[in-house]
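Participant: Here's a structure for you.
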Amino acid sequence: MAYVTVPKDFTKVKSKVVFGLTKRQLLCFGGALLVGIPLFLLIRGRIPTSAAALLMVFAMLPGFLLALYERHGQPLEVVVRQILECCFIQPKERPYQTNNAYTALVRQFQMEQEVNAIVQKAKERNERKSAGQAHPRRKERDSGRHPQV
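Per the UniProt record's numbering, the sequence shown runs over residues 1 to 149.
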């Protein structure tokens, strides 16, 4: 009886379109052929055929690499972009930073204490100013007399 290996994780299985190739592989191989064959046909009369074939292979190599190379499930252009970012774009020293909720709470508490101290100081200053004086916004009570005009 024939046995077939079945992968445990079906997300790693890629759908094949034609000849057991994925769409990505077909597009990359097609692009490589569109670049390589005309190049070979144009230069084979000027240089020896073996050199023209070698140039065709080097011209088609990026298309083949884009189609076939994968590292940890990531295509070649993603891997190259990550290498470029790591080596040239991102800073060399990146200190570890965390978002510590406790320090945020401590800072919030300190700010609230500062605000309360400012408000308390303003209240004390107003109480000292108005000591012995009537409050300026106090409404006049009608004591039965009319104000003098």
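Glycine included, every Cβ here is placed at the ideal spot set by N, Cα and C.
Which residues bound the alpha helix (DSSP H) around Tyr102?
Facilitator: Where Tyr102 is concerned, the enclosing alpha helix (DSSP H) stretches over 101–129.
Participant: Between which two residues does the alpha helix (DSSP H) carrying Phe29 extend?
Facilitator: From DSSP, the alpha helix (DSSP H) with Phe29 extends over 23–43.
Participant: Would you call the segment 68–77 in contact with the segment 33–49, where contact means no fewer than 3 C-beta pairs closer than 8 Å?
Facilitator: Output reads no: the segment 33–49 does not touch the segment 68–77.
Participant: Our contact map puts Phe29 next to Ala2 with C-beta atoms below 8 Å; I'd like the distance itself, whole angstroms only.
Facilitator: Between Ala2 and Phe29 the Cβ distance is about 31 Å, and since that is not below 8 Å, they are no contact.
Participant: Using the three-state DSSP reduction, which class does Pro75 fall into: helix, strand or coil?
Facilitator: In the structure shown, Pro75 sits in a strand (DSSP, three-state: E or B).
Participant: Roughly how many angstroms lie between the CA atoms of Val6 and Lys16, to the nearest whole one?
Facilitator: Rounded to whole angstroms, Val6 to Lys16 spans 16 Å at the Cα level.
Participant: Along the chain, where does the alpha helix (DSSP H) that runs through Ser50 open and close?
Facilitator: Run containing Ser50: 49–68, per the alpha helix (DSSP H) assignment.
Participant: Determine the DSSP secondary structure at Val17, reduced to helix, strand or coil.
Facilitator: Reduced to three states, the DSSP call for Val17 is coil.
Participant: Use the C-beta contact count for Ala104: other C-beta atoms within 10 angstroms, 16 or more gives buried, fewer gives exposed.
Facilitator: By the 10 Å Cβ count, Ala104 comes out exposed.
Participant: Which whole-angstrom value describes the C-beta separation of Ala32 and Phe40, a residue pair presumed to lie in contact below a C-beta threshold of 8 Å?
Facilitator: Ala32 to Phe40, Cβ: 12 Å. No contact.
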